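Written out below as structure tokens is the structure these notes cover.
Numbering (the working numbering), first residue to last: 1410 to 1748.
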């Protein structure tokens, strides 16, 4: 950055190249640091699958799990597609460099040592190439992991709402006593608090790194769009593969952001739906004393569960649209600076 200072195009290229790699490093360190807590969450997920015997509950869990798997699959597909372009472009660079006096690196950074000297060039090239591959898979893995955890909580909230409705129906039909109702309602309440705790744990573990993620994604979209725009408008002799790679990379960044926003939006909806589920059940057919006991969960469910960026920005589909819009605003400012 220091050596490229003053050249807007070169500075943007350097930041765009290093931005996502630094983000992947932050996610990896964060996951390692909270490893013990995350292992407890995974144990809870495995336990939920093992103890679930109800066909309806398992069907709900499988349905939500398929959504999570589809999101993860799309995430890895976009990453793999970008990597194929990435590897092809750089393999062609290696082939051309054999016959050229000026060697070209994967990322056009300015170094304080002589990269034209062997083996400095070979070592730097391999490190950059492997770094790009690891960056793609680390981001995809962590993003998919967080999404699957959030969607699992969504499935459990749906099952909990169904269990509560069935419990009220049983009491309304006089199938169980008031004492049995209170006992099972207490179990549902404890389970609800456990799910709330799990959602807060995920947010506590990743809120800080997701704050960095929002900044990184916003600027990454801006920088990549800027590179595509300058390549097209400057009439440079740029290969179609290069433009295709950058376009696929923009799609990759957008899809990763969408994974967070979709999962968090689903969590927010399902957590508040617990309160609406109580209104939809046959509370009017049970005694006022028993109906009052439902209010504790109703009050708690009015506070939505969230995935936040730094504890002040809530991930949602609205945030997704706002982030893309903000990126395009920054792109306009960059183009003005270049002119």
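Ideal Cβ placement from N, Cα and C applies to all residues, glycine included. Remember, predicted model here, so these are calculated numbers, not experimental data.
Would you grab the beta carbon distance between residue i and residue j for me? Rounded to a whole angstrom, and I think it's under 8 Å.
{"i": "residue 1672", "j": "residue 1559", "result": "4 Å"}
{"i": "residue 1403", "j": "residue 1565", "result": "Residue 1403 cannot be examined here, being either before or after the span of the chain that is shown, 1410 to 1748."}
{"i": "residue 1661", "j": "residue 1550", "result": "Contact doesn't hold; Cβ gap of about 14 Å is too wide."}
{"i": "residue 1623", "j": "residue 1732", "result": "7 Å"}
{"i": "residue 1582", "j": "residue 1702", "result": "Wrong, their Cβ atoms sit about 18 Å apart, outside the cutoff."}
With distances taken between CB atoms, is the gap from residue i to residue j smaller than 7 Å?
{"i": "residue 1668", "j": "residue 1435", "result": "no"}
{"i": "residue 1466", "j": "residue 1575", "result": "no"}
{"i": "residue 1468", "j": "residue 1544", "result": "no"}
{"i": "residue 1648", "j": "residue 1494", "result": "no"}
{"i": "residue 1718", "j": "residue 1620", "result": "yes"}
{"i": "residue 1473", "j": "residue 1563", "result": "yes"}
{"i": "residue 1625", "j": "residue 1463", "result": "no"}
{"i": "residue 1674", "j": "residue 1725", "result": "yes"}
{"i": "residue 1630", "j": "residue 1597", "result": "no"}
{"i": "residue 1557", "j": "residue 1490", "result": "no"}
{"i": "residue 1555", "j": "residue 1437", "result": "no"}
{"i": "residue 1746", "j": "residue 1670", "result": "no"}
Would you tell me roughly how many angstroms separate the C-alpha atoms of residue i and residue j, rounded to the nearest one?
{"i": "residue 1679", "j": "residue 1535", "result": "46 Å"}
{"i": "residue 1413", "j": "residue 1439", "result": "Bear in mind that the predicted position of residue 1413 carries a pLDDT of just 49, short of 50, making it too unreliable to give a figure here."}
{"i": "residue 1655", "j": "residue 1634", "result": "8 Å"}
{"i": "residue 1580", "j": "residue 1480", "result": "40 Å"}
{"i": "residue 1676", "j": "residue 1658", "result": "28 Å"}
{"i": "residue 1707", "j": "residue 1698", "result": "15 Å"}
{"i": "residue 1445", "j": "residue 1713", "result": "26 Å"}
{"i": "residue 1691", "j": "residue 1586", "result": "16 Å"}
{"i": "residue 1410", "j": "residue 1503", "result": "At residue 1410 the pLDDT is 46, less than 50, meaning the model places this residue with poor confidence; the figure from the coordinates comes in the next sentence. If you take the alpha carbons of residue 1410 and residue 1503, they lie about 25 Å apart."}
{"i": "residue 1578", "j": "residue 1695", "result": "9 Å"}
{"i": "residue 1561", "j": "residue 1470", "result": "7 Å"}
{"i": "residue 1609", "j": "residue 1710", "result": "14 Å"}
{"i": "residue 1599", "j": "residue 1588", "result": "17 Å"}
{"i": "residue 1537", "j": "residue 1433", "result": "14 Å"}
{"i": "residue 1553", "j": "residue 1666", "result": "11 Å"}
{"i": "residue 1529", "j": "residue 1496", "result": "21 Å"}
{"i": "residue 1498", "j": "residue 1636", "result": "16 Å"}
{"i": "residue 1638", "j": "residue 1722", "result": "30 Å"}
{"i": "residue 1571", "j": "residue 1689", "result": "11 Å"}
{"i": "residue 1642", "j": "residue 1651", "result": "15 Å"}
{"i": "residue 1716", "j": "residue 1532", "result": "40 Å"}
{"i": "residue 1454", "j": "residue 1618", "result": "23 Å"}
{"i": "residue 1595", "j": "residue 1584", "result": "18 Å"}
{"i": "residue 1627", "j": "residue 1734", "result": "9 Å"}
{"i": "residue 1693", "j": "residue 1700", "result": "8 Å"}
{"i": "residue 1443", "j": "residue 1482", "result": "25 Å"}
{"i": "residue 1705", "j": "residue 1541", "result": "50 Å"}
{"i": "residue 1601", "j": "residue 1458", "result": "17 Å"}
{"i": "residue 1744", "j": "residue 1681", "result": "43 Å"}
{"i": "residue 1500", "j": "residue 1526", "result": "20 Å"}
{"i": "residue 1475", "j": "residue 1607", "result": "21 Å"}
{"i": "residue 1441", "j": "residue 1593", "result": "38 Å"}
{"i": "residue 1373", "j": "residue 1492", "result": "No answer is possible for residue 1373: it lies beyond the span of the chain, which begins at 1410 and ends at 1748."}
{"i": "residue 1720", "j": "residue 1632", "result": "26 Å"}
Give me the DSSP bridge partner(s) of residue i.
{"i": "residue 1717", "result": "1723"}
Can you check whether the C-beta of residue i is within less than 7 Å of a C-beta belonging to chain D?
{"i": "residue 1452", "result": "Looking at the structure shown, chain D is missing, and only one protein chain is on hand."}
Between residue i and the ligand SAH, is the CB less than 6 Å from at least one heavy atom?
{"i": "residue 1477", "result": "As for the ligand SAH, it is missing from this structure, which has no ligand bound."}
Using a Cβ distance threshold of 8 Å, determine whether the region 1680 to 1698 contacts the region 1729 to 1742, with at least three qualifying pairs required. no
Count the C-beta pairs between the region 1610 to 1617 and the region 1446 to 1459 that are closer than 8 Å, then say yes if the count reaches three, no if not. yes
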